[in-house]
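Engineer: If you count the sequence shown from 1, position 114 lands on 114 in my numbering, and the numbers rise without skipping.
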Amino acid sequence: MTGKINILLLGATGYIGGSIALRLLDHPHASKFNITALARTPEKWESLRCMGLNSVLGSFADLLLLEGLALEADVVIQVADADNLAAMQAILKGMRRHHTIRGSVPILIHTSGAAVFADLGAGGNFTEVHIYDDLRPDLIAEIPATQPHRRVDMELVEADSEGFVKTYIVLPGVAYGLPSGRLVEKGIQNSHSIAIPSLVRASLVRKRGGMVGMGNNVWPNVNVDDLADLYILLLNTIIVRPEYAAHGRDGFYFAENGEHTMYQVGKAICEGMNVMGVHSELEPSAFTQEDLENYFGGSDFLGSNCRCRGSRSRLLGWKPVKTTRDMLASVMPEVEETFLIQHMFLSHSHPDT
Ligand SMILES: NC(=O)c1ccc[n+]([C@@H]2O[C@H](COP(=O)([O-])OP(=O)(O)OC[C@H]3O[C@@H](n4cnc5c(N)ncnc54)[C@H](OP(=O)(O)O)[C@@H]3O)[C@@H](O)[C@H]2O)c1
1 MTGKINILLL GATGYIGGSI ALRLLDHPHA SKFNITALAR TPEKWESLRC
51 MGLNSVLGSF ADLLLLEGLA LEADVVIQVA DADNLAAMQA ILKGMRRHHT
101 IRGSVPILIH TSGAAVFADL GAGGNFTEVH IYDDLRPDLI AEIPATQPHR
151 RVDMELVEAD SEGFVKTYIV LPGVAYGLPS GRLVEKGIQN SHSIAIPSLV
201 RASLVRKRGG MVGMGNNVWP NVNVDDLADL YILLLNTIIV RPEYAAHGRD
251 GFYFAENGEH TMYQVGKAIC EGMNVMGVHS ELEPSAFTQE DLENYFGGSD
301 FLGSNCRCRG SRSRLLGWKP VKTTRDMLAS VMPEVEETFL IQHMFLSHSH
351 PDT
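1) Helix, strand or coil, according to DSSP, for S285 in the structure here?
2) Report all residues from its chain with a CB closer than 7 Å to the CB of Y231; omit the five preceding and five following residues, and keep chain order.
3) Please state the DSSP three-state secondary structure of C50.
4) If the criterion is Cβ atoms closer than 7 Å, does the pair L204 and Q89 meet it?
5) Return the chain-ordered ranges of every beta strand (DSSP E) run that is complete within the stretch 52-112 and spans a minimum of 3 residues.
6) Is E271 close to chain C, meaning its C-beta is less than 7 Å from at least one C-beta of that chain?
7) For the alpha helix (DSSP H) that contains N34, what are its first and last residues?
8) Taking buried to mean at least 16 other C-beta atoms within 10 Å of its own C-beta, is H260 buried or exposed?
9) For R102, count the other beta carbons within 10 Å of its own beta carbon; 16 or more makes it buried, fewer makes it exposed. Which is it?
10) Could you work out which residue in L65, H149 and A39 is closest to L57 when comparing CA atoms only?
11) Could you give the first and the last residue of the continuous alpha helix (DSSP H) run that contains P137?
12) Enumerate in chain order the residues of its own chain whose CB-to-CB distance from V105 is below 8 Å, with the five nearest sequence positions on each side excluded.
13) Where does E43 sit, in a helix, a strand or coil, going by DSSP?
14) Determine the direct distance from the alpha carbon of I5 to that of G210, and round the result to whole angstroms.
15) Can you round the beta-carbon distance between G18 and P242 to whole angstroms, since I take them to be within the 8 Å contact cut?
16) When you compare the CB positions of I400 and Y176, do they come within less than 7 Å of one another, or not?
17) Just verifying my parser: in three-state terms, what is the DSSP assignment at G210?
18) Suppose you measure from the CA of K267 to the CA of P333; what does that come to, to the nearest Å?
19) I'd like the span of the alpha helix (DSSP H) that includes T237, first residue to last.
20) Please tell me whether, using a cut-off of 6 Å, the distance from the CB of D81 to the nearest non-hydrogen atom of ligand 1 is below it.
21) Measure the beta-carbon distance from Y168 to Y253 and round it to whole angstroms, keeping in mind my assumption that it falls under 8 Å.
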C-alpha cells in the first residue's frame, strides 16, 4: 500500500478494541495512518476525537453509515460485535464498492471468538480431547453455521473468495487482564473482559466461587495486551509482506497461550474473595439452575469445552508472553475491583448503611 492508509476501527472504546486503538496511535508509522473510529455516544465521540482519531457518531444499527465508512477504508478492523450479520453485510457492501470504484482490494480484520469450537451442553462434566488448530482450515470449514459466531465468519470467507476483499479472522480465547494506557486512564476504554468478570460478579453475589457442573471443562486464555499485539502484527504483515498472512478460508488466527479448567477459575475466585474479606468456601460449588437463570440468562455455556491452538498466529511471529499462571493471578485484581464497584453501588443505594 502506498500513501496514507485509511483505517476504520469499530469497537475502539471496547476492552479489546481500546487496546488496539492505543497501539495504532502509538504505532511507529502512525503518521501514515488515517484512523476513523465509531462512537456510540457524544461523550465517547468527543473523547476519541481528543485522542487524535477521526471520530464518527453512530452504531451498527446505522447500516448506511457503516457502508459509507467501509467504502472509504483501506482496512477495517472490527472488534465490536462478532455476531451482527446485518452490520457485517453492510460493511462488506461498502468494501465491494471500494473495490469497484478504486480497483484495490481492501482488508477486513474481523474479531470472532474461540466459542465457535464450544461443545455446548458439556455441562462442565468432562474435558474434551479434540483440539482445533488454525493450520487446519479444512477442519474449520466443517464447523456448522449453528455454532456461535460461525454464520458471520462464513459470510466473510465467502466474500473473500469473490475477490473484492481480503478477510482475516481473529478468534480469541478467554481474554483477561486489566488493560492499561491512556484510553483506560481517561475512562474511554472498557477495562473489563466478559467471561471472568461475569463469574466474579455472580460469585460475589452468591458469596462463593462457582462453576458449571464439576468444572472439568477447558477453555483457552489470552492476555489482552498479547491479544492486541496479534492484531498489530497481523496488520503490519498484511501491509508489508501480505504473502505471509493467509486470508479467506485459510485466514483464521487463534489467540491463546494456555488453557484452564473452569474449576481453576472458580477456585481462584474463592481465594480472591477470602483475601478481600468476603467469606467464601475455598472450593467452588456448582451453579444451581437458579444461579444460571439469575446470572447467565439460564445458559450453561460456561460449562462448555473449547480447545484450540494458534499455530498460524505463532507462524506470523506472534509471541504471547502471559500464560495460564498470569490468567489465574489476574482473578484477584478482578475480584478486588468488582467488589469495590459493587460495594460503592450498594453504599450509594443505601446511604444509611
Ligand atoms: N473479551 C473476550 O474475552 C472475547 C473473547 C472472544 C471474542 N470476543 C469478541 O470480541 C468483541 C469485542 O469484545 P470486547 O470484550 O472488547 O467487548 P466490549 O468491551 O464490550 O467492547 C465492544 C466495543 O464495541 C462497541 N459496540 C458494541 N456494540 C456496538 C454497536 N451495536 N454499534 C457500535 N459499536 C458497538 C462498544 O461500544 P461502547 O463503548 O459504546 O459500548 C465497544 O467499543 C465481541 O464481539 C466479543 O464477542 C471477546
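Don't be surprised by glycine CBs; every beta carbon is placed ideally from N, CA and C.
Everything numeric in this text was worked out from a predicted model, so none of it was measured.
Structural biologist: The short version:
1) If DSSP states are grouped into helix, strand and coil, S285 belongs with the strands.
2) If we look at Y231 and ignore the five residues flanking it on each side, its Cβ neighbours are I20, I77, I109 and V170.
3) Here C50 sits in helix by DSSP.
4) Cβ distance not < 7 Å, so L204 and Q89 don't count as in contact.
5) Qualifying beta strand (DSSP E) stretches, in chain order: 54-57, 75-78 and 107-111.
6) Here chain C cannot be found, since the structure has a single protein chain.
7) It is not in any alpha helix (DSSP H) - N34 instead sits in the beta strand (DSSP E) that spans F33 to A39.
8) H260 should be labelled buried.
9) Here R102 is exposed, its C-beta having fewer than 16 other C-beta atoms within 10 Å.
10) Among L65, H149 and A39, the Cα nearest to that of L57 belongs to A39.
11) Residues P137 to A141.
12) Same-chain partners within the cutoff: H99, G163, F164, V165 and K166.
13) In the structure shown, E43 falls within a helical segment according to DSSP collapsed to helix, strand and coil.
14) About 47 Å.
15) Between P242 and G18 the Cβ distance is about 27 Å, and since that is not below 8 Å, they are no contact.
16) Outside the displayed span of the chain (1 to 353) sits residue 400, for which this structure offers no information.
17) If DSSP states are grouped into helix, strand and coil, G210 belongs with the strands.
18) So the alpha carbons of these two residues sit roughly 14 Å apart.
19) Counting along the chain, the alpha helix (DSSP H) containing T237 begins and ends at V224 to V240.
20) Indeed, a heavy atom of ligand 1 lies less than 6 Å from the Cβ.
21) Right, their Cβ atoms sit about 7 Å apart.
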